[in-house]
Amino acid sequence: MSAAALFAPQALAGSPASAATPDGPGGVATVTYNLGDQAYRLPGTGEPVEIAATVHYPKDLGTTPRPLVVQLHGWHETCADRAAAAARDAAEKAGDQDAYAAAGRKLFSWPCAPGTRPIPNERGYDYLGEELAGHGFIVVSIRANGINASSVWGDENASARADLINKHLALWQQLDDAGRGGLVGAFRDAVTGKPRRVDFRHHVDLNEVGTMGHSRGGAGVTWQAADRHKAQWPAGVKVRAVMALAPAYNVMTEDMTAYRITKTPVAVMRGTCDGQVGREAFSFAADATAKSSAAFYRFEIHGANHNYFNTQWSPESGQVAAADDAGHDAAHPGQCTGRDDPAYDPQLTEAGQRQVAVAYIDAFFRRHLTGDKRFDAILTGKRHPLAGVASVDVTADRR
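When we follow this note's numbering, the leftmost residue of the sequence shown carries the number 393, and every step to the right adds one.
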């Protein structure tokens with residue numbers, strides 16, 4: 393085990409993590425697909441879930457299949473109902489629990505009421521998708537609003553998210569292998585919404601899949617990659633790397649084997665000002681990989697909170713229910729604390745926090761999906777990919 397304090401947010405020239413040019417000419421393109429807000433029903437409850445995602449990819453797909461990275465957001469409001477959000481705030485101040493619950497039901501409904509836009513929680517990682525696509529990956533960020541609005545909780549919630557990942561992977565397997573399935577003709581321009589034809593056939597390497605899950609999405613990707621659940625992966629799919637970003641695990645689970653990963657590299661990341669997820673995120677991930685023969689990394693970002701990893705959840709977006717979840721005290725301006733972190737740290741800006749996250753997540757996937765060993769020094773804390781104002785504690789177990 394090794395640990396090092398690193399600094400952010402300015403990238404060092406020449407650092408592999410600072411590279412921003414795409415692998416091949418033409419830059420990055422973005423499309424979306426949406427097969428319906430009620431594309432399928434959760435087993436047991438019958439509650440509706442959508443099949444929708446945003447895709448970032450190199451415009452020039454080249455001749456060699458590209459590794460695929462799947463991104464999955466966590467639990468957050470599903471419907472951009474500003475009136476309901478205002479009513480909930482007022483009810484909270486008045487201590488009116490019934491009014492608070494009624495407003496919450498509107499914010500966490502699915503599908504959303506007519507005339508109310510869904511919150512595009514999956515778009516909160518566009519910044520990461522663009523970076524990874526610029527380095528040659530195809531990145532699919534999937535929406536899970538139906539699961540967020542559902543009644544499934546704990547391990548069942550992680551299982552539902554894992555199943556959603558597998559449903560998307562099955563669609564990509566069908567598209568890549570034979571140009572068939574639900575994604576045929578489903579792509580739309582991310583800006584105009586007009587149909588966009590993209591020929592992904594034989595351009596997606598489903599033998600090199602990475603997953604990144606934020607918050608409850610972190611529990612979902614851990615469950616999906618666990619040894620016990622590999623049989624549920626679509627044929628031809630192999631998950632080679634798992635990134636749990638501020639993961640919200642069900643720490644009351646009675647069966648850790650449901651999350652146990654023994655042969656796949658895993659990384660877990662959390663900020664010291666996370667007001668929602670405590671340090672159990674690190675210990676749970678360590679327990680899940682305790683018998684693993686693969687690499688395990690822990691990244692602790694000083695001054696990072698929970699929500700800034702997702703732009704839709706961050707105040708600068710102006711989105712409904714966006715908030716800074718870090719702890720603050722008037723006696724410590726510009727500083728913050730976390731749920732399990734009483735010490736004050738200088739708080740990172742939204743952009744600064746994401747820049748730190750990108751540096752390590754990008755390095756992790758480039759190392760474990762493409763085999764680029766230049767990133768070993770970054771992932772083990774021996775090289776500083778960033779220099780500036782915030783520290784990151786890196787712990788690496790190479791096994």
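Ideal placement from N, C-alpha and C gives every residue a C-beta, glycine not left out.
{"Check": "Residue-level contact to chain B via CB, Gly695, 8 Å cutoff", "Outcome": "Of the chains in the structure shown, none is chain B; there is only one protein chain."}
{"Check": "Beta-carbon proximity of Phe676 to Ala749, cut-off 8 Å", "Outcome": "no"}
{"Check": "Local conformation of Asn513 per DSSP, three classes", "Outcome": "helix"}
{"Check": "Residue interval of the alpha helix (DSSP H) (run including Tyr752)", "Outcome": "Glu742 to Thr762"}
{"Check": "The beta strand (DSSP E) enclosing Thr603, as first and last residue numbers", "Outcome": "Val596 to His606"}
{"Check": "Distance CB(Gly602)-CB(Pro707) smaller than 8 Å", "Outcome": "no"}
{"Check": "Proximity of Val596 and Ile653 at Cβ, strictly below 8 Å", "Outcome": "no"}
{"Check": "Local conformation of Gly577 per DSSP, three classes", "Outcome": "coil"}
{"Check": "Buried or exposed by the 16-neighbour rule on C-beta atoms within 10 Å, applied to Gly516", "Outcome": "buried"}
{"Check": "Three-way DSSP call (helix, strand, coil) for Gly416 in this model", "Outcome": "Note that Gly416 scores 45 on pLDDT, short of 50, meaning its location in the model is unreliable; the coordinates nonetheless yield the value given after this. In the structure shown, Gly416 sits in coil (DSSP, three-state: anything other than H, G, I, E or B)."}
{"Check": "Through-space distance from Arg759 to Arg766, alpha-carbon basis", "Outcome": "8 Å"}
{"Check": "Given 8 Å, three or more beta-carbon pairs between the segment 605-612 and the segment 464-480", "Outcome": "yes"}
{"Check": "Three-way DSSP call (helix, strand, coil) for Gln668 in this model", "Outcome": "coil"}
{"Check": "Spatial distance of Asn426 from Ala444 (CA atoms)", "Outcome": "4 Å"}
{"Check": "Heavy atom of the ligand MG within 7 Å of Ala714 beta-carbon", "Outcome": "As for the ligand MG, it is missing from this structure, which has no ligand bound."}
{"Check": "Beta-carbon spacing of Thr729, Glu692 below 8 Å", "Outcome": "no"}
{"Check": "Among Phe592, Tyr519 and Pro435, nearest to Ser543 - alpha-carbon criterion", "Outcome": "Pro435"}
{"Check": "At least 3 beta-carbon pairs within less than 8 Å: the segment 615-625 vs the segment 474-486", "Outcome": "no"}
{"Check": "Backbone CA spacing between Thr741 and Ala552 [nearest angstrom]", "Outcome": "33 Å"}
{"Check": "Spatial distance of Ala562 from Met644 (CA atoms)", "Outcome": "31 Å"}
{"Check": "Per-residue burial, Pro450 [other beta carbons within 10 Å of its own, 16 or more giving buried]", "Outcome": "buried"}
{"Check": "C-alpha distance - Arg671 paired with Asn699, whole-angstrom precision", "Outcome": "16 Å"}
{"Check": "Straight-line gap, Trp545 to Ala650 (C-alpha atoms, nearest Å)", "Outcome": "15 Å"}
{"Check": "CB-CB length for Gln711 against Ile511, believed under 8 Å", "Outcome": "6 Å"}
{"Check": "From Ala682, Lys683, Pro725 and Tyr689, residue whose alpha carbon lies closest to that of Gly695", "Outcome": "Pro725"}
{"Check": "Cβ distance (whole Å) where Ala713 is taken to contact His468 below 8 Å", "Outcome": "7 Å"}
{"Check": "C-beta atoms of Asn537 and Thr456 nearer than 8 Å", "Outcome": "no"}
{"Check": "Residues bridged to His448 (per DSSP)", "Outcome": "Thr422 and Val531"}
{"Check": "Through-space distance from Asp666 to Ala718, alpha-carbon basis", "Outcome": "6 Å"}
{"Check": "Three-way DSSP call (helix, strand, coil) for Ala788 in this model", "Outcome": "strand"}
{"Check": "Cβ separation of Ala673 and Pro639, assumed to be a contact under 8 Å, to the nearest whole Å", "Outcome": "5 Å"}
{"Check": "Neighbour-count burial assignment, Pro777, 16 or more Cβ in a 10 Å radius", "Outcome": "buried"}
{"Check": "Span of the beta strand (DSSP E), counted from its first residue to its last, around Leu567", "Outcome": "Taken as a continuous stretch (DSSP letters only), Leu567 belongs to no beta strand (DSSP E), being part of the alpha helix (DSSP H) at Gly546 to Ala570."}
{"Check": "Delimiting residues of the beta strand (DSSP E) encompassing Glu692", "Outcome": "Phe688 to Ile693"}
{"Check": "Pairwise C-alpha distance: Ala475 and Val629", "Outcome": "44 Å"}
{"Check": "Member of Phe579, Leu761 and Phe592 whose CA lies at the smallest distance from the CA of Ala633", "Outcome": "Leu761"}
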